[in-house]
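The structure appears right after this line, and notes come after that.
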Amino acid sequence: MNATFMTNDGVRLSYTDHGTGAPVVFVHSWQGNSLLWGPVAEQLAGYRRVLYDQRGHGASDDPVAGWHLHRLAFDLHELLDHLALDDVTLIGHSMGCSVIWAYLELFGPARVHKLALVDHTPLMIHETGADEDSSAGRISALSEEQISGIVQGIANPATREHMLAEFLSGLFHPDFPEDRKREVIAGALRVDGAFSSALFNDFAHQDWRRQVLQIEQPTLVIAGGASLVPLAAQQWVAANVPDARLEIVDGADGGSHMLVIEADKQVAELLATFLAD
């Protein structure tokens with residue numbers, strides 16, 4: 001079923017709801033959309049699979065407000081309400097993991113059965129003064145200067161297209177087909193530049209380490225072996241969530257940051273095993 005629903009601030013969100021069984025909700029990345037999760041979701045027969053476009057992305061409305069992570073988490077809460085979903089497995093990729101952590105911070109774990117976190121870090125930005133060999137230094141991904149450059153480049157209409165193409169291309173394995181890469185970049189260019197830059201700036205400056213320490217649900221962490229996201233970050237999450245499982249998709253097998261489409265078969269197999277446990 002393809003459908004939409006209206007958030008409490010008047011933004012229409014698009015979603016698909018297919019299959020029966022235990023509910024699984026997929027939360028996509030920054031500049032992404034629900035289509036990125038499609039190949040993985042198709043391989044998880046036997047579950048009720050809900051994929052949605054977050055505000056400002058895909059087929060959902062462009063919002064005039066709510067350009068920050070916690071509003072995206074509230075949207076997720078409203079989606080679960082709209083579909084009356086409980087005992088849900090939330091599966092996030094990249095920023096989608098941050099949306100899940102924000103959801104847990106705002107609403108707690110009562111409706112969440114399991115979590116799957118794909119290639120993200122709870123601390124994106126290098127802490128000022130942090131030693132590179134410290135925990136914070138090893139798990140963070142970008143400097144303040146890099147974050148600022150991305151934000152400014154995307155906010156500026158004159159540089160946005162080039163900046164996005166360059167940044168997103170770097171998230172793939174070099175051998176990933178150019179035509180498929182261009183499709184992803186085209187989907188990203190659908191997102192308004194002002195919204196996109198504000199959202200990136202917001203989620204890049206979050207620190208989710210304390211929230212991760214509160215997780216008690218069964219958790220699967222999937223890392224790309226050749227991703228720009230530090231493996232140490234995902235090892236840290238797995239080590240600090242009780243009985244969490246860490247799986248690494250080798251770079252040669254499509255284990256880039258965009259492993260949800262480059263290595264969809266491996267990701268789906270890992271999720272299928274986790275969901276069945």
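Under this note's numbering, read the sequence shown as residues 1 to 277, first letter to last.
Each residue gets a CB set at the ideal place from its N, CA and C atoms; glycine is no exception.
| Query | Result |
| --- | --- |
| Whether Gln-217 touches Pro-109 by CB criterion (8 Å) | yes |
| Residue environment, His-257, which counts as buried when at least 16 other CB atoms sit within 10 Å | buried |
| Whole-angstrom distance between Ser-148 and Leu-36, CA atom to CA atom | 26 Å |
| Assigned exposure category for Ser-290 - 16 Cβ within 10 Å defines buried | In this structure the chain extends from 1 to 277, so residue 290 is not present and cannot be described. |
| Residue burial classification, Gln-166 (beta-carbon count within 10 angstroms, cutoff 16) | In the sequence under discussion, the amino acid at residue 166 is Glu, which differs from the Gln named in the question. Per the 10 Å Cβ criterion, exposed. |
| Assigned exposure category for Gly-170 - 16 Cβ within 10 Å defines buried | exposed |
| Extent of the continuous beta strand (DSSP E) to which Ile-91 belongs | 88-93 |
| C-alpha gap between Leu-270 and Asp-243, whole angstroms | 16 Å |
| Distance CB(Val-40)-CB(Asp-264) smaller than 8 Å | yes |
| Exposed unless 16 or more other CB atoms sit within 10 angstroms - verdict on Pro-23 | buried |
| Whole-angstrom C-beta distance between Gly-92 and Leu-117, which should lie under 8 Å | 6 Å |
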